[in-house]
Amino acid sequence: MATNEADYNFKDIEATWQRYWKENETFRARDFDAKPKFYVLDMFPYPSGAGLHIGHPEGYTATDIVARHRRAKGFNVLHPMGWDAFGLPTEQYAIKTGTHPTETNKRNIANFRGQIERLGFAYDWSREIDTTDPDYYRWTQWIFLQLFRKGLAYVDERPVWWCPELRTVLANEEVVDGRSERGNHPVERRNLRQWVLKITAYADRLLADLKDLDWPESTKRQQEAWIGRSEGAEVEFALEGVEESLRVFTTRPDTLFGATYMVIAPEHPLVEKLTLPENRAEVKTYVMQAAAKSDLDRTDLAKDKSGVFSGSYAVNPVNNARIPVWIADYVLMSYGTGAIMAVPAHDQRDHEFAQKFGLEIKRVVAPPKEADPKDEECFAGEGVNVNSDFLDGLPTAEAKQRITNWLQEQGRGRATVQYKLRDWLFSRQRFWGEPFPIVWVSEEDYAAIGDDRKPADPVTTSRDGQVLRAVSVPEKSLPLCLPEVASFQPSGTGESPLANLPEWLEIWFNWQTGEAVPAREPKPDGEAWVRGRRETNTMPQWAGSCWYHLRYLDPRNWERVVDPKLAEYWGVPDLYIGGAEHAVLHLLYARFWHKFLFDLGVVPQNEPYFKLFHQGIILGEDGNKMSKSLGNVVNPDSVIADYGADALRLYEMFLGPLEAMKPWNTKGIEGVFRFLKKVWREIVGRDGKLSPKIHDGGETNPETARLLAATIRKVDEDIDALRLNTAISQMMIFINHLQKTESTARETIRQFVQLLAPFAPHVAEELWVRLGGKPSVADAPWPKADDSRLTADEVKIVFQVNGKLRGDAMVPAGAAEEEVLALARSHPRVAPHLEGKTVRKVIFVPGKILNLVAG
RNA sequence: GCCCGGAUGGCGGAAUGGCAGACGCUGCGGACUUAAAAUCCGCUGACCGUAAGGUCGUGGGGGUUCGAGUCCCCCUCCGGGCACCA
């Protein structure tokens with residue numbers, strides 16, 4: 119017991135019970151316990167220097183309530199917490215102050231952990247993980263090496279997003295409207311050599327398996343749209359005067375007869391060959407302009423079409439029509455084949471282009487009669503083919519089939535599927551990330567190195583004219599730790615600060631043991647030593663969070679990512695709660711890695727998160743997003759100081775539906791604080807002893823018994839459905855009722871305290887003890903609702919006349935229609951409305967309503 | 001432009017097609033107090049009415065139904081996502 123105090127002293131109570139939970143390891147999850155397991159996971163935070171935000175406890179409280187509820191219901195609950203600690207702010211701080219990120223990180227984590235502990239969450243801290251801990255990133259590197267060996271990690275020079283402010287490249291997913299997702303800095307296209315993960319190899323599965331996931335529909339749709347599967351056909355167009363043919367992708371092969379020109383992207387490899395001498399100057403200018411255009415300009419909302427004629431012609435395979443080949447930046451090199459057949463009569467973009475440049479528009483699909491006549495000009499819908507020779511009269515779907523078969527027979531095309539999803543750009547030019555466990559060696563040395571260090575197809579680059587090939591360091595030698603650096607500034611050459619460390623970078627490398635010595639020293643003896651250069655890129659912040667849900671199962675395992683028996687026992691999270699902002703970043707990447715690990719046999723499930731829920735955003739009191747500049751930021755520490763953690767937890771849940779965006783209201787927290795004080799007063803008398811209202815023996819007040827049963831049932835169901843706001847309302851109704859009663863059975867109030875415990879655990883522990891319970895209340899089995907109390911002898915029937923409420927009456931539960939009808943007719947408020955009318959129809963819903971239709 | 005989600009008192013919100021506004025906040029009135037705080041009690045959608053009671057009312061318009069906040073169609077506004085992806 120914390121105190122013998124008469125008043126609700128949340129400070130003492132919360133400190134006491136937090137200490138109790140820690141000392142007794144109350145929330146330790148037991149491996150292989152015979153109870154059914156329940157794994158509930160929060161998206162782990164980035165431990166920023168700013169400390170915990172008021173939004174963090176929202177999701178964390180929700181999972182905590184679920185975890186404590188499940189525990190009370192007899193589950194072996196795993197509820198862990200950790201740190202997604204690689205990231206830019208820590209590194210920026212290091213650049214500014216010279217403080218090593220490890221130092222900053224340690225401090226920030228201690229601060230975050232303290233804040234989280236003061237909220238009283240039932241985490242199993244023995245499983246705490248930190249993505250920047252070499253013991254953790256060792257396994258991030260290990261998974262990368264498996265990807266590398268399977269050919270799913272490769273190096274490619276390609277136009278990538280470069281952020282000059284951050285001095286690093288960013289993935290597609292990290293760029294929003296031409297700006298970096300983190301920090302909102304402008305980004306530009308640069309051709310750079312980068313590590314890329316072949317997430318596209320999993321595109322079909324990432325899409326198809328969405329159907330098995332219990333996720334918010336909007337998030338599933340976002341992923342679906344991001345993966346962007348479209349079925350269509352590839353068609354080969356012969357080119358005049360050029361040997362190569364031009365391959366295009368189209369989703370509308372049925373409109374092939376309407377193709378009146380072709381467009382290739384300015385970056386298309388055939389631009390040069392297709393440009394006739396007299397067009398050269400113009401094309402060159404255009405291509406250069408397109409290259410200089412920022413992507414924001416290129417995808418500008420105005421979308422003013424531009425392009426130039428190459429001078430060359432292609433041949434439409436279906437009718438041998440000669441059609442001009444244009445170069446235009448509305449065709450993207452990065453999608454499909456970088457070339458299209460333009461059908462201006464049936465594609466909006468082609469139509470705009472054709473109009474602007476006076477190109478032929480040939481209609482080949484007749485719209486259905488009900489189509490909007492203003493679509494006459496350009497009809498992109500489905501209809502019936504016309505002007506299409508052997509396709510005439512066929513509806514779109516059949517025409518597609520027919521022409522695709524024809525192309526296949528002619529060897530001029532085939533059915534294909536395209537995805538919008540691009541491979542995942544995986545390298546960053548930063549210090550504070552996982553180093554790639556990769557060494558670059560010469561072609562000759564590569565040949566001598568064992569196959570278990572290489573992918574089937576070599577990953578190759580060139581440096582200063584020399585061809586280099588990538589080999590993995592031996593798994594046994596992991597982790598490859600971040601070296602000490604003098605400066606955290608990126609190198610001036612677009613490489614990470616690691617490139618500034620010749621001792622670390624240029625090495626003699628023993629490919630069998632992973633040992634390395636600086637290259638300036640003499641080559642050590644032994645056959646396995648080769649000259650090597652380390653990879654200087656580091657992994658993006660997403661890497662560590664791709665698999666952290668697995669490490670919690672077995673956080674200190676030195677031999678494996680996770681013990682298969684533990685992976686089997688705990689499985690994947692039964693509930694995952696976190697923000698919706700990760701819909702296509704973390705949640706897509708983690709699915710990819712998890713599926714890959716499934717394929718390797720490391721885990722027995724093919725998806726990491728079957729049930730996902732997004733908590734909403736808590737806005738400032740003024741209804742705006744909380745921000746320092748608006749001065750509307752609410753600090754959790756000061757709320758805890760003023761009202762306590764229990765009140766904060768309760769209030770965040772009481773604000774509204776968990777998934778909703780809702781404003782903070784300082785007055786509102788006083789309401790839940792008042793509720794806690796009322797609960798306290800019902801149990802603790804003014805003298806600090808048990809309230810004299812509490813009696814032993816059974817509950818004597820039938821209404822109390824009924825309301826208790828209803829409350830148990832509602833709180834139970836609401837927690838399962840994450841309707842935590844209405845669960846709290848119900849508890850308020852219950853306590854308001856108790857306040858009006860003369861006396862309450864000890865057992866009644868004990869059960870109520872159990873219901874409160876997941877929401878306000880500290881005060882519940884304290885009251886539980888004061889009621890004679892043995893700590894912890896978390897160990898007490900969840901109360902069962904006495905359903906017999908819920909079936910009343912009498913029910914209220916509402917009387918309506920013509921659908922309007924006119925009165926009500928209590929009737930015996932099983933009352934027959936005739937009885938109720940008689941009551942209604944004679945009801946003083948109903949009768950006047952029936953005067954002079956005949957009842958034409960009676961609708962009777964037993965136990966609910968009697969509606970008289972009269973006229 | 002396309003795809004989602006939403007709109008309910010002064011505010012946050014509640015409501016298996018069946019009493020709209022639970023619960024909380026705010027406001028008003030009252031009790032306790034020398035006083036204040038705290039606590040407790042009552043009222044608190046709009047309009048008409050002394051009252052009993054009545055009329056209206058869930059963004060707007062239409063529909064289905066004995067009955068619609070809830071289901072269907074159209075529109076407005078707000079939020080989110082995608083956006084030249086062929």
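Residue numbers (our numbering): 119 to 973. Don't be surprised by glycine CBs; every beta carbon is placed ideally from N, CA and C.
- Do D372 and N437 have their C-beta atoms closer together than 8 Å? On the first sequence, residue 372 is found 254 positions in, with the first residue counted as 1. On the first sequence, residue 437 is found 319 positions in, with the first residue counted as 1. The Cβ atoms of D372 and N437 lie no closer than 8 Å to each other.
- Message: If you measure between the beta carbons of S590 and R267, is that distance less than 8 Å?
- Response: Translated into positions along the first sequence, residue 590 becomes position 472. Translated into positions along the first sequence, residue 267 becomes position 149. Pairing S590 with R267 gives a Cβ-Cβ distance under 8 Å.
- Boundaries (first-last residue) of the beta strand (DSSP E) holding F962: Here the question's residue 962 lines up with position 844 in the first sequence. Taken as a continuous stretch (DSSP letters only), the beta strand (DSSP E) holding F962 covers V957 to V963.
- Item | Rounded separation between L939 and A949 - CA only | Here the question's residue 939 lines up with position 821 in the first sequence. Here the question's residue 949 lines up with position 831 in the first sequence. The C-alpha of L939 lies about 11 Å from the C-alpha of A949.
- Rounded separation between P964 and E935 - CA only: Position 846 of the first sequence, counted from the first residue, corresponds to residue 964. Position 817 of the first sequence, counted from the first residue, corresponds to residue 935. Going by C-alpha positions, P964 is about 8 Å away from E935.
- Query: Who are the near neighbours of F710 in its chain, counting only those whose CB is closer than 8 Å to its CB and skipping five residues on each side?
  - Reply: Looking up residue 710 in the first sequence gives position 592. Counting only Cβ-Cβ distances below 8 Å, and skipping sequence neighbours, we find L315, I317, Y320, L324, W542 and C664.
- Message: By alpha-carbon positions, which one of R841, T822 and A875 ends up nearest to I853?
- Response: The residue you call residue 853 lines up with position 735 of the first sequence. Nearest option by C-alpha distance: T822.
- Message: Using only CA atoms, which one of P334, A432, Q407 and P395 lies nearest to T378?
- Response: Indexing the first sequence from 1 puts residue 378 at position 260. In this structure, A432 is the residue among P334, A432, Q407 and P395 with its C-alpha nearest to the C-alpha of T378.
- Message: So, at 6 Å on beta carbons, what are the nonlocal neighbours of L419 in its own chain, with the 5 sequence-adjacent residues on each side left out?
- Response: Along the first sequence, read from residue 1 onward, the residue named residue 419 stands at position 301. Bear in mind that a pLDDT of 47 at L419, under 50, signals an unreliable position, so the number given afterwards is only what the model happens to contain. Here the set comprises nothing.
- Message: If you measure between the beta carbons of I445 and I382, is that distance less than 8 Å?
- Response: The residue given as residue 445 occupies position 327 in the first sequence. The residue given as residue 382 occupies position 264 in the first sequence. Yes, the pair counts as a contact, with Cβ atoms nearer than the cut-off.
- Task: Using only alpha-carbon positions, find the residue among I556, G169, L794 and F772 that is nearest to N628.
- Result: Here the question's residue 628 lines up with position 510 in the first sequence. Comparing Cα positions, the closest option is I556.
- Query: Counting pairs of Cβ atoms below 8 Å between the stretch 745-761 and the stretch 353-367, do you hit three or more?
  - Reply: With the cut-off at 8 Å, the stretch 745-761 and the stretch 353-367 do not touch.
- Message: Runs of 3 residues minimum, wholly inside the stretch 456-502: which ones carry the beta strand (DSSP E) assignment?
- Response: DSSP runs (the beta strand (DSSP E)) wholly in the stretch 456-502: 457-460.
- Item | Sub-8 Å separation of P175 and N226 beta-carbons | Mapped onto the first sequence, residue 175 falls at position 57. Mapped onto the first sequence, residue 226 falls at position 108. Between P175 and N226, the C-beta gap is not smaller than 8 Å, which leaves the two residues out of contact.
- Query: Name the DSSP bridge partner or partners of N226?
  - Reply: Within the first sequence, the letter at position 108 stands for residue 226. Bridge partners of N226: none, in fact.
- Assign D322 to one of three DSSP states: helix, strand, or coil. Counting from one through the first sequence, the residue named residue 322 turns up at place 204. In the structure shown, D322 sits in a helix (DSSP, three-state: H, G or I).
- Message: Tell me the rounded alpha-carbon separation between F962 and E937.
- Response: Along the first sequence, one-based indexing puts residue 962 at 844. Along the first sequence, one-based indexing puts residue 937 at 819. Each residue's alpha carbon lies about 11 Å from the other.
- Message: Can you tell me whether E390 is buried or exposed? The criterion is at least 16 other CB atoms within 10 Å of its CB, across all chains shown.
- Response: Numbered from its first residue, the first sequence carries residue 390 at position 272. Exposed, by the Cβ-count rule.
- Which one of P642, T631, V603 and Q607 has the shortest CA to CA distance from T623? Counted from its first residue, the first sequence places residue 623 at position 505. According to the sequence shown, residue 623 is Leu rather than Thr. It is V603.
- Message: If you follow the beta strand (DSSP E) that G650 is in, where does it begin and where does it stop?
- Response: Within the first sequence, the letter at position 532 stands for residue 650. Taken as a continuous stretch (DSSP letters only), the beta strand (DSSP E) holding G650 covers W647 to R652.
- Query: Does the pairing of the stretch 134-153 with the stretch 719-737 give three or more beta-carbon distances under 8 Å?
  - Reply: No: the two stretches stay apart, fewer than three of their Cβ pairs being nearer than 8 Å.
- Write down every uninterrupted run of the alpha helix (DSSP H) in the stretch 701-726 whose length is 4 residues or greater and which is fully enclosed by it, in chain order. The stretch 701-726 contains these whole alpha helix (DSSP H) runs: 704-718.
- Message: Count Cβ pairs between the stretch 547-563 and the stretch 645-665 that sit closer than 8 Å; are there 3 or more?
- Response: Yes, the stretch 547-563 is in contact with the stretch 645-665.
- Task: Answer with buried or exposed for A839, where buried requires no fewer than 16 other C-beta atoms within 10 angstroms of its C-beta.
- Result: Along the first sequence, one-based indexing puts residue 839 at 721. When all chains shown are included, A839 counts as exposed.
- Message: Would the stretch 839-848 count as touching the stretch 903-921 if we require 3 or more Cβ pairs under 8 Å?
- Response: The stretch 839-848 vs the stretch 903-921: no contact.
- Message: What does the Cβ neighbour count give for P395, buried or exposed, with the cut at 16 atoms within 10 Å?
- Response: Counting from one through the first sequence, the residue named residue 395 turns up at place 277. Around the beta carbon of P395, fewer than 16 other beta carbons lie within 10 angstroms, which makes this residue exposed.
- Rounded to a whole number of angstroms, what is the C-alpha to C-alpha distance between Y178 and Q547? Start at 1 with the first residue of the first sequence, and residue 178 comes out as number 60. Start at 1 with the first residue of the first sequence, and residue 547 comes out as number 429. Distance between the alpha carbons of Y178 and Q547: 33 Å.
- Please state whether DSSP places L196 in a helix, a strand or coil. In the first sequence, the residue the question calls residue 196 occupies position 78. Look at L196 here: in three-state DSSP terms it is strand.
- Query: Relative to the C-alpha of L450, which residue among E385, A460, G973 and A896 is closest?
  - Reply: Counting from one through the first sequence, the residue named residue 450 turns up at place 332. Measuring from the Cα of L450, the nearest candidate turns out to be E385.
- Message: Quick check on C953: buried or exposed, where buried means 16 or more other Cβ atoms within 10 Å of its Cβ?
- Response: Stepping through the first sequence from its first residue, residue 953 is reached at position 835. According to the sequence provided, residue 953 is Glu. The question's Cys does not apply to it. E953 should be labelled exposed.
- Task: Work out the CA separation of R307 and D242 for me, nearest whole Å.
- Result: The residue given as residue 242 occupies position 124 in the first sequence. The residue given as residue 307 occupies position 189 in the first sequence. One C-alpha to the other measures close to 45 Å.
- Please report how far the alpha carbon of A927 lies from the alpha carbon of L170, in whole angstroms. Position 809 of the first sequence, counted from the start, is the residue given in the question as residue 927. Position 52 of the first sequence, counted from the start, is the residue given in the question as residue 170. Near 54 Å, if we compare the C-alpha coordinates of L170 and A927.
- Message: Among L596, T654 and L159, whose alpha-carbon lies nearest the alpha-carbon of P608?
- Response: For the purposes of this step, residue 608 is taken as the residue at position 490 of the first sequence. Checking every option, the nearest Cα to that of P608 belongs to T654.
- Query: Are the beta-carbon atoms belonging to A634 and W626 less than 8 Å from one another?
  - Reply: Locating residue 634 in the first sequence gives position 516, where the first residue counts as 1. Locating residue 626 in the first sequence gives position 508, where the first residue counts as 1. Against a cut-off of 8 Å, the Cβ pair of W626 and A634 comes out as a contact.
- Item | Separation of V585 from G200, as counted between CA atoms | Taking the first residue of the first sequence as position 1, residue 200 is located at position 82. Taking the first residue of the first sequence as position 1, residue 585 is located at position 467. Computed Cα separation, rounded: 42 Å.
- Among F714, A896 and T286, which has the Cα closest to the Cα of F544? Within the first sequence, numbered from 1, the residue matching residue 544 stands at position 426. Taking the Cα of F544 as reference, the smallest distance to any Cα among F714, A896 and T286 is reached at T286.
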